[in-house]
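Structure record follows, encoded as structure tokens.
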Amino acid sequence: MGKSEKVKEHIFPEDSKKERQKLSHDCDVCKKSFSKKGNLNKHKRIHTGETPYYCDICGKSFSQSCNLTAHKRSHTGEKPYHCDICGKSFSQKITLTTHKRIHTGEKPYHCSVCGTSFSHQSVLNYHQHFHTGEKPFHCEICGKSFTQRSALTNHERIHTGEKPYSCNICGKLFSQKKYLTLHKRIHTGETPYSCDICGKSFTMSSNLTGHRRIHTGETPYSCDICGKSFSQKQYLTLHKSIHTGETPFHCDICGKSFSQSGNLAAHKRIHTGEKPYHCDICGKSFTMSCNLTGHRRIHTGETPYSCDICGKSFSQKIHLTLHKRIHTGETPFHCEICGKSFSQSGNLASHKHVHQGKKQSH
1030 MGKSEKVKEH IFPEDSKKER QKLSHDCDVC KKSFSKKGNL NKHKRIHTGE
1080 TPYYCDICGK SFSQSCNLTA HKRSHTGEKP YHCDICGKSF SQKITLTTHK
1130 RIHTGEKPYH CSVCGTSFSH QSVLNYHQHF HTGEKPFHCE ICGKSFTQRS
1180 ALTNHERIHT GEKPYSCNIC GKLFSQKKYL TLHKRIHTGE TPYSCDICGK
1230 SFTMSSNLTG HRRIHTGETP YSCDICGKSF SQKQYLTLHK SIHTGETPFH
1280 CDICGKSFSQ SGNLAAHKRI HTGEKPYHCD ICGKSFTMSC NLTGHRRIHT
1330 GETPYSCDIC GKSFSQKIHL TLHKRIHTGE TPFHCEICGK SFSQSGNLAS
1380 HKHVHQGKKQ SH
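Residue numbers (our numbering): 1030 to 1391.
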């Protein structure tokens, strides 16, 4: 005890006694101390797993009443906390506080290892696991480990099939809140992420990042087999399946398999007839969002893909790829019967009929 503390205790003995009593409630499991017995009781539920507060809508249970109150807003859609800068609303006060840091640039949480700063404590906690390599949250079904409890919760829904987030417009269900938020933009048409070069806007920040590379020409993702590079990681993943031949996603209706889950989802719409993407100009519907994007360019006349050799521009990237083969002479599609090669798969398919005709004549 320092000199000032000793003096303080001597002059104000009652105050010093109160200071010692402030943290008088100790957890008998982990020895953590609390100033109020009520806080100790809440804390103990971490150890006991007790969740006495139940949602009367979906049955989910919580360890604290405040968490139940916040959860119920996922059913009611209530968002009582409003940002006074941009007007955006939130269901929880902590989410509003975190959101405001986007405007202020505040990053109050600092990594003691590398000094990197973060706007939210949970992001710092996640970051610190990269230094330690620790993955403390384990799936008891498959054994997979995670750095965050929320990541484990999301993963467990793969096993349980739980989809607690529902769209109040069309009723579609989602396993994670972020997927619901993205889905709702199909209905609202909201595209909050804008390109500062051409003004084009997107529903997701990752799509904007990928789009910007059209302007910069950046292709940071390289194939370690053939060296080909790509502007987005998903394109590299898709490309690698050409080398591996892996198609892990199977259609439970016709058995066809795909290298990407997104391609399977799009394929299933052939069976269901679902066309969730609608043109707001002519009303035409599409099974995939990329088809709608390409279609809209018929109305706008936009041709964002330019040939760096002759300057000709195209509305779709595939048309630019096909065009470039005129300059390069590339013919990647080969006939396994006669060895003749073609610049387009459609031309190869037409050529194969020549061989089929010969077989029939014999």
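For each residue, glycine too, the CB sits at the ideal point set by N, CA and C. Predicted, not measured: the structure shown is a model, and the values here were computed from it.
Can you tell me whether residue i is buried or exposed, with buried defined as 16 or more other CB within 10 angstroms of its CB?
i	result
T1176	buried
H1100	buried
R1053	Position check: residue 1053 holds Ser in this sequence, whereas Arg was assumed. Classification of S1053: exposed, given that the 10 Å Cβ count is below 16.
S1372	buried
K1046	At K1046 the pLDDT is 47, less than 50, meaning the model places this residue with poor confidence; the figure from the coordinates comes in the next sentence. Exposed.
S1288	buried
S1146	exposed
S1120	buried
S1179	exposed
S1174	exposed
S1151	exposed
S1204	buried
Could you name the residues of the same chain whose beta carbon sits closer than 7 Å to that of residue i, not counting the 5 residues immediately before and after it, in chain order?
i	result
L1321	Y1306, C1308, F1315
K1392	Since the displayed the chain opens at 1030 and closes at 1391, residue 1392 lies outside it and no answer follows.
Q1318	The residue asked about is misnamed: residue 1318 is Ser in this sequence, not Gln. Only Y1306 meet the Cβ criterion.
Assuming residue i and residue j are in contact, meaning their beta carbons sit under 8 Å apart, how far apart are those beta carbons, in whole angstroms?
i	j	result
T1232	L1211	6 Å
G1260	G1239	Just to set this straight, residue 1260 is Ser in the shown sequence, not Gly. Confirmed, Cβ separation roughly 6 Å.
L1153	C1140	6 Å
S1234	S1223	The pair is not a contact, with the Cβ atoms about 11 Å apart (cut-off 8 Å).
L1349	Y1334	4 Å
H1380	K1369	6 Å
S1094	T1080	Their Cβ separation, rounded to whole angstroms, is 11 Å, which puts S1094 and T1080 out of contact at 8 Å.
Ends of the alpha helix (DSSP H) at residue i?
i	result
N1154	1150-1161
S1053	Segment: none, S1053 is in no alpha helix (DSSP H) and carries neither H nor E.
E1185	1178-1189
S979	Past the boundaries of the shown model lies residue 979; the chain is included only from 1030 to 1391, so the question cannot be answered.
Q1263	1262-1273
K1353	1346-1357
C1095	1094-1105
S1234	1234-1245
S1372	Element bounds for S1372: n/a, residue is neither H nor E.
K1341	Note, K1341: premise wrong, no alpha helix (DSSP H); not H, not E.
S1318	1318-1329
S1290	1290-1301
T1124	1122-1133
T1145	No alpha helix (DSSP H) holds T1145; DSSP gives it neither H nor E.
T1217	1206-1217
Residues in its own chain within less than 8 Å of residue i by CB, not counting five upstream and five downstream?
i	result
T1127	S1148, H1149
H1257	A small correction: the amino acid at residue 1257 is Lys; His does not occupy that position in the sequence shown. Hits under 8 Å: S1251, H1268.
K1065	H1054
E1043	Residue placement at E1043 is flagged as unreliable, the pLDDT there being 47, under the threshold of 50; the coordinate-derived value follows with that caveat. Excluding residues within five positions, none has a Cβ falling inside 8 Å.
H1160	C1140, V1142, C1143
K1192	R1186, L1202, F1203, S1204
K1164	H1158, S1174, F1175, T1176
Residues in the same chain with beta-carbon distance under 6 Å from residue i, minus the five sequence neighbours each way, listed in chain order, please.
i	result
I1310	H1328
D1055	S1062
H1111	S1118
I1366	H1384
H1104	I1086
Check whether the region 1342-1360 and the region 1311-1329 touch, using three or more Cβ-Cβ pairs below 8 Å as the test.
Two segments are said to touch when three or more pairs of C-beta atoms, one from each, lie closer than 8 Å; by this definition the region 1342-1360 touches the region 1311-1329.
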